[in-house]
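*Asks:* If you read the sequence shown in numbering that gives the first Met the number 0, its first letter stands for residue 0, the second for the next number, and so on. Glycine included, each C-beta is placed from N, C-alpha and C at the ideal position. Fair warning: this is a prediction, and the values are worked out from it, not measured in the lab. Pasting a structure here, questions to come.
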Amino acid sequence: MREEFNVTWFLGITTEFNDHCFDHQNTQLFEIRKLHHKKMSKENTQIRFVKRPAPGYFDPKETFAILKSPLPTQNELKDDQIMRSNAIGEVVLSKNPKFKVGDMVQAFLGWQKYGLTDGNPPPGAVLHDYLGIFGETGLTAYFGLLESKPKPGDTVVISGAAGATGNIAGQIAKIKGARVIGIAGSEEKCNWLVNDLGFDIALNYRDPEFVKKLVKATPRYIDVYFDNVGGDILDQCLKRIAKNGRIVLCGAISQYNEAQPKGPAFYTALISQRAKMEGFIILDYVKRYPEAINELSKWIQEGKIKRKEFIIEGLENAPEGLLRLFNGHNTGKMLVKVCDENIKSKL
0 MREEFNVTWF LGITTEFNDH CFDHQNTQLF EIRKLHHKKM SKENTQIRFV
50 KRPAPGYFDP KETFAILKSP LPTQNELKDD QIMRSNAIGE VVLSKNPKFK
100 VGDMVQAFLG WQKYGLTDGN PPPGAVLHDY LGIFGETGLT AYFGLLESKP
150 KPGDTVVISG AAGATGNIAG QIAKIKGARV IGIAGSEEKC NWLVNDLGFD
200 IALNYRDPEF VKKLVKATPR YIDVYFDNVG GDILDQCLKR IAKNGRIVLC
250 GAISQYNEAQ PKGPAFYTAL ISQRAKMEGF IILDYVKRYP EAINELSKWI
300 QEGKIKRKEF IIEGLENAPE GLLRLFNGHN TGKMLVKVCD ENIKSKL
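In structure tokens:
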């Protein structure tokens, strides 16, 4: 096994940059260093030698570039392109009569301090909602859960239940009259799901007795399983799927950084139980976004849905936030505050 390798980076015209060290055998992020350098053209190349990354680190490019055509996804990022992301920002300059300086807007701006938008106004809401419950995570929960057609009395199990999508999906299931079981990675998260959000049961998958507790919690088996994690938890829920059960494949965060992702081992349960397992992409529902936002807004006003944000301060800490996301260190929606409220005074 080699311990060192070459990494090539093309540098734009800059005096400061982040040096990202990757192991492209393992596709894992090793570290990020702040470096200073004289101005260089794109043709210049920097070679760095770094040790193999520690377990649990990852390369976000490889993580988010695994989707293949013809899925509705975007082209992978190239060197010097901005990391894609939804964002909320303050208008500092406007030539659009619909907006004035100081207005707060939502747009697909990416990981940057300044961006340019075409001025299409979103419907009104509390500021953070545009990146949370009215953003892709909340809309994913809405369509993914409701497409599984939960009925009153159904047992609905949500993995990744303390995350941005999982916690909203679970609350919607409760609104629809289901018995909801959340799966999360700590006792603190499990307590939040039950005591604050109203889940009926929450199970810690790190508990050595997790499998036994899952069986005990599902005496009538699982009617709907909303999967955010894949891997072993998906297998355990397949073992408990009910006749005519539905499995929604929303994500597989436990497998994204694996060199050889693990597929389901107990898929034959789909045959014996006449169950359905289906993946979905939120981009297929773009035309129905207004419907979802109206319903979610109504449930918020009625006090049926609660929201929680986990905020990282500073654009320079966004990579750390991404690592925390994949390590499960957030509860609710993770956001990055890229600059302070006084930024316009610097322009």
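#1: Determine the extent of the beta strand (DSSP E) in which Ile157 is found, giving its start and end residues.
#2: Distance, Cα to Cα, Val91 vs Val335?
#3: Confirm, please, whether the CB-CB distance from Gly176 to Pro149 is below 9 Å.
#4: Just to confirm before moving on: does the CB-CB distance between Lys305 and Asp195 stay below 9 Å?
#5: To the nearest angstrom, how far is it from the Cα of Val285 to the Cα of Glu135?
#6: In this structure, how does DSSP classify Asp195 when only helix, strand and coil are distinguished?
#7: Could you tell me the boundaries of the beta strand (DSSP E) in which Ala216 lies?
#8: Can you name the residues that DSSP bridges to Asp226?
#9: Under 8 Å, with one C-beta from each stretch per pair, do the region 311-331 and the region 157-166 reach the 3-pair mark?
#10: For Ile310, write down the residues that DSSP places opposite it in a beta bridge.
#11: How big is the Cα-Cα spacing for Thr154 and Lys297?
#12: Could you give the distance in angstroms between the alpha-carbon of Asp206 and the alpha-carbon of Asp78?
#13: Which parts of the region 262-310 are runs of the beta strand (DSSP E), unbroken and 3 residues or longer, counting only runs that do not cross its ends?
#14: From Ile281 to Phe209, what does the alpha carbon distance come to, in whole angstroms?
#15: If you draw a straight line from the alpha carbon of Gly302 to that of Gly313, how long is it in whole angstroms?
#16: Taking three-plus beta-carbon pairs below 8 Å as touching, is the region 245-252 in contact with the region 178-195?
#17: Assuming Glu89 and Phe279 make a contact with CB atoms under 8 Å, what is their CB distance in whole Å?
#18: If you run the structure through DSSP and keep just helix, strand and coil, what is Leu202?
#19: Quick check on DSSP: helix, strand or coil for Ile132?
#20: Ends of the beta strand (DSSP E) at Ala168?
#21: Taking Ala251 and Val228 to be in contact with their CB atoms under 8 Å, please state how far apart those CB atoms are, rounded to whole angstroms.
#22: Can you find the residues in the same chain that come closer than 8 Å, C-beta to C-beta, to Val337, ignoring five residues on each side of it along the sequence?
#23: Excluding the five sequence neighbours on either side, which residues of its own chain have a C-beta within less than 8 Å of the C-beta of Arg219, listed in chain order?
#24: In the structure shown, what three-state DSSP assignment does Ala177 receive?
#25: Given this structure, state the Cα-to-Cα distance separating Lys211 from Lys238, to the nearest angstrom.
#26: What three-state label does DSSP hand Pro69 in the structure shown?
*Replies:* Straight from the coordinates:
#1: For Ile157, the uninterrupted beta strand (DSSP E) run begins and ends at Thr154 to Ser158, by DSSP.
#2: Cα to Cα, Val91 sits roughly 19 Å from Val335.
#3: The beta carbons of Pro149 and Gly176 sit closer together than 9 Å.
#4: Yes, these two residues count as a Cβ contact at 9 Å.
#5: Near 10 Å, if we compare the C-alpha coordinates of Glu135 and Val285.
#6: DSSP places Asp195 in coil when its eight states are reduced to three.
#7: Segment Phe209 to Ala216 is the alpha helix (DSSP H) holding Ala216; no beta strand (DSSP E) there.
#8: In the DSSP output, where bridge partners are listed per residue, Asp226 has Leu248.
#9: Contact between the region 311-331 and the region 157-166 is present, because at least three Cβ pairs lie under 8 Å.
#10: In the DSSP output, where bridge partners are listed per residue, Ile310 has Leu334.
#11: Looking at the two C-alpha atoms, the distance is approximately 24 Å.
#12: Looking at the two C-alpha atoms, the distance is approximately 42 Å.
#13: The qualifying runs are 275-278.
#14: Their backbone Cα atoms lie some 31 Å apart in a straight line.
#15: Between the alpha carbons of Gly302 and Gly313 lies a gap of roughly 32 Å.
#16: The region 245-252, when compared against the region 178-195, does not touch it at the 8 Å Cβ threshold.
#17: 34 Å between Cβ atoms; not a contact.
#18: Assigned with DSSP and collapsed to three states, Leu202 falls in strand.
#19: When secondary structure is reduced to three states using DSSP, Ile132 falls in the coil class, being assigned neither helix nor strand.
#20: DSSP places Ala168 outside any beta strand (DSSP E); the residue lies instead in the alpha helix (DSSP H), whose first and last residues are Ala163 to Ile174.
#21: By a beta-carbon distance limit of 8 Å, Ala251 contacts Val228. Their separation comes to about 6 Å.
#22: Answer for Val337: Ala86, Trp110, Gln111, Lys112, Gly313, Leu314 and Ala317, listed in chain order.
#23: Close CB contacts of Arg219 within its chain, under the 8 Å cut and outside five residues either way in sequence, are with Thr154 and Ala241 (chain order).
#24: Reduced to three states, the DSSP call for Ala177 is coil.
#25: The straight-line gap separating the alpha-carbon atoms of Lys211 and Lys238 is approximately 12 Å.
#26: Low local confidence applies: a pLDDT of 40 at Pro69 is under 50, so the model's placement there is unreliable, and no value is given.
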